[in-house]
Amino acid sequence: MTKIRFVTDSTCDIPTDLIEKWHIGVVPAFVNYGGESYADDGIELIRAGFYETLPSIDPLPTTAAPSPALAEQVIKATFEDAEHIFILTAPAKLSGIYNTLRLAATEVLPKGSFTMIDSGTVSMALGWQVLIGAEVAAETGDVAAVKNAIERVREESRLYGALATLEFLRRGGRVGWASASLGSLLRIKPIISVEDGEVNSLERIRTFSRAVNRLAELARQHAPLDKLAIGHGNNPEGAQQLQDLLADIAPPDTILFSITPVIGVHSGPGVVGVGVVGKSWRQ
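Numbers 0 to 282, taken from numbering that gives the first Met the number 0, label the letters of the sequence shown in order.
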């Protein structure tokens, strides 16, 4: 059996206990504001506090990929007790993280000892690719089997979000349809998805409660579920509403989490999201 480990970036939203369980190396992205740069590592930026202050930060914070030196440090440390590493990241279309980690791995790892994967998504839709990959690695120790499993999980996973406001996505300027939208002026609550490196506008709903109901309907389209994660940006009530709506189809290892600030800069406070993986990936 090949000893396989995993490296990802902080947009993955994987809870700390699971990072420790699977010995996952996490390279933090950075949030910049007030003339300072903060690592998105749960220490320099406390999630609840960040969301509370976000509306008052002017100009809007920006996000940045990690430095090559930091990426090299995490990759080298993770490889110390491994024979092969899978490196899964946020989409190259949305972030420079993929290229930073690819170049870092090329510098510090032996040729053929790592597999780079652009997950096409973020948050726990990325996180589930990493975690299921780790499970398969522990079961098989087979690099090809792990790669195949991750590819199937990517096909059967989805990430949906209900934004409390379009303002932050619009001001961030990375998503063209948001920049041109009048949704923030009309107090519309957008439903979005992140797939194949694209942030897509699915629907626009007039109240946030109805938007959360719609998230539940979208998640149910992928039932029976193998994995479910519900995240929020300082909106535990909205997350609880979604959890209650999905209680009858929720797997026993369902995760409830706070969305990382490097995503929250763009999604804004109040967001509720759901990352699902259908059981069909195992077929």
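A virtual CB, placed ideally from N, CA and C, is assigned to each residue, including glycine.
Values in this document were obtained by computation on a predicted structure and should not be read as measured data.
Can you give the Cα-Cα distance for residue i and residue j, rounded to whole angstroms?
| i | j | result |
| --- | --- | --- |
| W21 | L227 | 18 Å |
| I262 | L69 | 20 Å |
| D225 | I187 | 32 Å |
| Q221 | G277 | Checking the sequence shown, residue 221 turns out to be His, not Gln. For H221 and G277, the distance between alpha carbons rounds to 5 Å. |
| R4 | I258 | 24 Å |
| T52 | H231 | 16 Å |
Please return the same chain residues whose Cβ sits closer than 7 Å to the Cβ of residue i, not counting the five positions on each side in sequence.
| i | result |
| --- | --- |
| R153 | S118, G119, Q128 |
| N98 | A91 |
| K146 | T114 |
If I follow the unbroken beta strand (DSSP E) through residue i, where does it start and stop?
| i | result |
| --- | --- |
| R157 | 156-161 |
| E19 | Where E19 is concerned, there is no enclosing beta strand (DSSP E), although the alpha helix (DSSP H) it sits in stretches over 15-20. |
| E194 | 188-194 |
| D8 | 3-8 |
| G30 | Correcting the residue type first, residue 30 is Val in the shown sequence and not Gly. Unbroken beta strand (DSSP E) run through V30: 29-32. |
| I38 | Reading off the sequence, residue 38 comes out as Ala, not Ile. Note, A38: beta strand (DSSP E), 35-38. |
| V26 | 24-26 |
Got a sec? Which residues, its chain only, sit under 8 Å from residue i by beta carbon, not counting five neighbours each side?
| i | result |
| --- | --- |
| E106 | P67, E71 |
| I96 | D8, T10, V26, A28, A64, P65, T88, A89 |
| P223 | I248, G277, K278 |
| P14 | I254, F256 |
Tell me the residue span of the alpha helix (DSSP H) that contains residue i.
| i | result |
| --- | --- |
| K278 | Where K278 is concerned, there is no enclosing alpha helix (DSSP H), given that its DSSP letter is neither H nor E. |
| H265 | 260-266 |
| V211 | 207-219 |
| T52 | 46-52 |
Helix, strand or coil: which one does DSSP assign to residue i?
| i | result |
| --- | --- |
| E318 | It is not possible to answer for residue 318, since the shown part of the chain is limited to 0 through 282. |
| N199 | strand |
| N233 | coil |
| L59 | coil |
| L224 | strand |
| L255 | strand |
| V142 | helix |
By Cβ distance, which residues of its chain are closer than 6 Å to residue i, with the 5 residues on each side in sequence left out?
| i | result |
| --- | --- |
| A249 | L227 |
| G41 | none |
Taking 8 Å as the threshold (beta carbon to beta carbon), is residue i in contact with chain D?
| i | result |
| --- | --- |
| V73 | The chain labelled as chain D is not found in the depicted structure, where only one protein chain is given. |
*Complete runs of the beta strand (DSSP E) confined to the region 84-134 [at least 3 residues]*: 113-117
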